[in-house]
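Quick mapping for you: the protein sequence lines, in order, are chains A and B. Heads up: the first sequence at position 180 corresponds to 164 in my numbering, and the numbers run straight through without jumps. Heads up: the second sequence at position 116 corresponds to 150 in my numbering, and the numbers run straight through without jumps. Where is the CB? At the ideal position from N, CA and C, for every residue including glycine.
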Amino acid sequence: MSVATKSARETVEVISKSGRDRDRNLTSMLFLIGLWFSLFFGVMVLVVLIVDTAISGASRFDGDLITGYGSRVSPETTGFRAGILGSVWLMAFTALFAVPLGIAAAIYFEEFSDQTKWYNRVLEVNLQNLAAVPSIVYGLLAVAVMALMGFQQTGVVLGGAIALALLILPVIIITTREALRAVPAEIRQGSLALGATMWQTTWRQTLPSAIPGISTGTILGLSRAIGEAAPLVVVGIAGSVRFDPTGLASQITALPIQIYTLTSESREAYQTAASAAIIVLLVMILSLNGLAIYIRNKFQRSW
Amino acid sequence: MTTYPATASTKKGDHAMPQATPNASENGRSDLPDVPPNPVMEVENLNVYYNAFHAVHDVNLRFGKNEITALIGPSGCGKSTVLRCLNRMNDLVSGARVEGRVNYHGQNIYDRGVDAIAVRTNIGMVFQKPNPFPKSIYDNIAYGPRVTGMKVDNMDDLVEEALTGAALWDEVKDKLKQSAYGLSGGQQQRLCIARTIATRPEVILMDEPCSALDPIATARVEDLMVSLRDDYTIIIVTHNMQQAARVSDRTAFFTARPDETTGDRTGLLVEFDRTASIFSHPADQRTEDYISGRFG
């Protein structure tokens, strides 16, 4: 018997000895079931929550829900027009404030700052901390900013937008930095070697290549901001506003605030309306996230 | 064919050198003077440090007009570092420090008041990996002239001229508006060369321009280098000794010397001579060992 045939037979014995796949034994299966259960638990809670909310709000999925103003006299037809418009206005101005600032800060960090300098490292650490600050603190900060600017009114578009812009600024900076970092160094060097300045290189090469990543990050930041209620409460945005926003200084309400106000009402019809409004808010958030995913997939570039 | 009697090389003046063999350099230049008579660029006592690390030690080189100079040597010998000093691309490396002089027409480009941007406009660079911009072929070429504010009468003509100069026009003339990413690796590299010549530099630096290309694409880029020599001064870093022998007029051989205390490998110039001489009878034993494949 040759060595080769013997070892081949032995090999077959070794691989088939146990008669079954050890990845399918009891411990492995229990472990796998544990993983499944954890996943199932997380998803199930979310599904139950959404379905329950949808069922309790089902009777209010009508036109009044989005076109009507809040009503004290007929809870059956109370609507969220002011809240939806308020949230949309808030998002628009939040983006207007946060996006240019965030992109500019990220460009400084990624393209111009010298990471060997101590002050840049301090800024860097602080940026990471900023992302972990509770949202209500940004509300307080916005109140202070408004007071410094001499605004007497509370609950206006400007205050809410400042609070939310401060809230999502770290998110925008961090995602923009990641998007800029994903642009290969060769592109920058190629541009600089042609006699372009750092500014031209950033403006004409790096930034355009990073736009899909930046938009995705911005939208995800906004979808976080649209669901926030705490900082808006602090800046004095009330649930009882019954008119459309007209400008930066006009008083508004926001969807999360309206929902919060109505859930503390005793009348059943208001609870139902709040449930329906939650679904409206979820739809708004999910469409923002969907848009972010679409942009990411459509414009994603592999270098 | 005229052959100058070679009595002195730049580094080893005492080395008695026989007559250069005709056609020893395959690009057919055996009539080179010993020393570049009219150097476009000169490197004098160049030392480069990356923070505390001494990367390049005391390099002296002269780059003749309309010549191709190859910088060869084993990995880590500092040849790419030297190349990147020639158009101040090392400025972009954090912690890099350059001592000595790099003269461009007699002006030290590291003097205060020298504009690195203007230096790079005159001394272009082609990189190891083809790095076209994520734009159309046309916009890749037009980018340099646009950002440098070059006076261009007709951009279409300039694009055609640059692509023709890089032997790419016939292949891409029908798809100028398409993305440069649709081109093959070799075409992308020739596009990068075309992009560089569009800004009308005087010197073109090439950092291992063929190392990411297949042999056929490499041959085309090499042919292109030889044809560009009449209009440009070319300095190329290469790992490929056959390539240096095929295209270059002069060759500088670098090696790395480990520091006795720290063990850091500092690059230094061993020998700089006509390519024909370097490859047929090198003056230094280390050069001989390297080109005969005994080390490196």
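Item to check | Environment of Leu278/A [buried if 16+ CB atoms lie within 10 Å] | outcome: Note that residue 278/A corresponds to Tyr in the displayed sequence, not to Leu. Classification for Tyr278/A: exposed.
Item to check | Chain-ordered neighbours of Ser193/A on chain B, where CB pairs are closer than 8 Å | outcome: Pro168
Next on the checklist: Against chain B, with Cβ distances strictly below 8 Å, would Gln184/A count as a contact?
Outcome noted: yes
Checklist entry - Could one say the Cβ of Gly199/B lies closer than 8 Å to chain A's Cβ atoms, at least one of them? => result no
Next on the checklist: Just verifying my parser: in three-state terms, what is the DSSP assignment at Leu142/A?
Outcome noted: helix
Checklist entry - With contact counted as at least three CB pairs below 8 Å, one residue from each stretch, are the stretch 81 to 97 of chain B and the stretch 111 to 123 of chain B in contact? => result yes
Next on the checklist: On the criterion of 16 or more Cβ atoms from any shown chain inside 10 Å, does Asn79/B qualify as buried, or is it exposed?
Outcome noted: exposed
Checklist entry - So what does Gly301/B bridge to, in DSSP terms? => result Val90/B, Ala290/B
Checklist entry - From Asn392/B to Ala246/B, what does the alpha carbon distance come to, in whole angstroms? => result Past the edges of chain B, shown from 35 to 330, lies residue 392/B, and the structure says nothing about it.
Item to check | Leu216/A beta carbon less than 8 Å from that of Ala147/A | outcome: yes
Checklist entry - How many Å lie between Arg280/A and Asp46/A at the Cα? => result 34 Å
Checklist entry - Can you tell me whether DSSP reads Phe306/B as helix, strand or coil? => result strand
Item to check | Distance CB(Ala286/B)-CB(Thr103/B) smaller than 8 Å | outcome: yes
Item to check | Three-state secondary structure (DSSP) of Gly67/A | outcome: helix
Checklist entry - Are there 16 or more other CB atoms within 10 angstroms of the CB of Glu294/B, so buried, or fewer, so exposed? => result exposed
Next on the checklist: Looking at chain A, is there any beta carbon in it that lies within less than 8 Å of the beta carbon of Gly107/B?
Outcome noted: no
Next on the checklist: Spatial neighbours of Val167/A within its chain, please: C-beta separation below 6 Å, excluding the five flanking residues on both sides.
Outcome noted: Thr190, Ser193, Ala194
Checklist entry - Between the stretch 257 to 270 of chain A and the stretch 30 to 41 of chain A, do at least 3 Cβ pairs fall closer than 8 Å? => result yes
Next on the checklist: Relative to the C-alpha of Pro243/B, which candidate in Leu225/B, Pro235/B, Glu236/B has its C-alpha closest?
Outcome noted: Leu225/B
Checklist entry - Where Thr44/B and Thr186/A are concerned, what is the direct C-alpha to C-alpha distance, given to the nearest angstrom? => result A caution first: Thr44/B carries a pLDDT of 40, below 50, which makes its placement in the model unreliable, though a value can still be read off. In a straight line, the C-alpha of Thr44/B is about 43 Å away from that of Thr186/A.
Item to check | Buried or exposed (CB count within 10 angstroms, at least 16 for buried), Leu14/A | outcome: exposed
Next on the checklist: Let me see if you follow: with CB-CB separation under 8 Å, is Asp98/A close to chain B or not?
Outcome noted: yes
Checklist entry - So, are the CB atoms of Ala89/B and Gly219/B less than 8 Å apart? => result no
Checklist entry - At what residues does the beta strand (DSSP E) containing Tyr138/B begin and finish? => result 130 to 138
Item to check | Interface residues of the stretch 243 to 263 of chain B facing chain A [CB-CB below 7 Å] | outcome: none
Checklist entry - At a CB-CB cut-off below 7 Å, which residues of chain A make contact with Lys163/B? => result Glu170
Checklist entry - Counting pairs of Cβ atoms below 8 Å between the stretch 9 to 25 of chain A and the stretch 222 to 237 of chain A, do you hit three or more? => result no
Item to check | DSSP beta-bridge partners of Val271/B | outcome: Leu105/B, Asp241/B
Next on the checklist: Does the structure place the stretch 120 to 134 of chain A close enough to the stretch 67 to 84 of chain A that three or more beta carbon pairs sit under 8 Å?
Outcome noted: no
Next on the checklist: The alpha helix (DSSP H) that contains Ile203/A, what's its start and end?
Outcome noted: 191 to 210
Next on the checklist: Under 7 Å, CB to CB, which of the residues in the stretch 103 to 126 of chain A have a partner in chain B?
Outcome noted: none
Checklist entry - Taking the C-alpha atoms as reference points, what is the distance between Ser250/A and Leu270/A? => result 30 Å
Next on the checklist: If contacts are defined as beta-carbon pairs under 8 Å, then Asn124/B and Val153/B qualify, I think. What distance do you get, rounded to the angstrom?
Outcome noted: Asn124/B to Val153/B, Cβ: 12 Å. No contact.
Checklist entry - Using 8 Å as the limit for Cβ to Cβ distance, is Ala58/B near chain A? => result Bear in mind that the predicted position of Ala58/B carries a pLDDT of just 42, short of 50, making it unreliable; the figure below should be weighed with that in mind. No, Ala58/B does not count as interfacial toward chain A.
Next on the checklist: Contact criterion: CB-CB distance below 8 Å. Does Ser213/B meet it with respect to chain A?
Outcome noted: no
Next on the checklist: Quick check on this structure: which residue in Leu30/A, Asp7/A, Leu232/A has the alpha carbon closest to the alpha carbon of Thr138/A?
Outcome noted: Leu232/A
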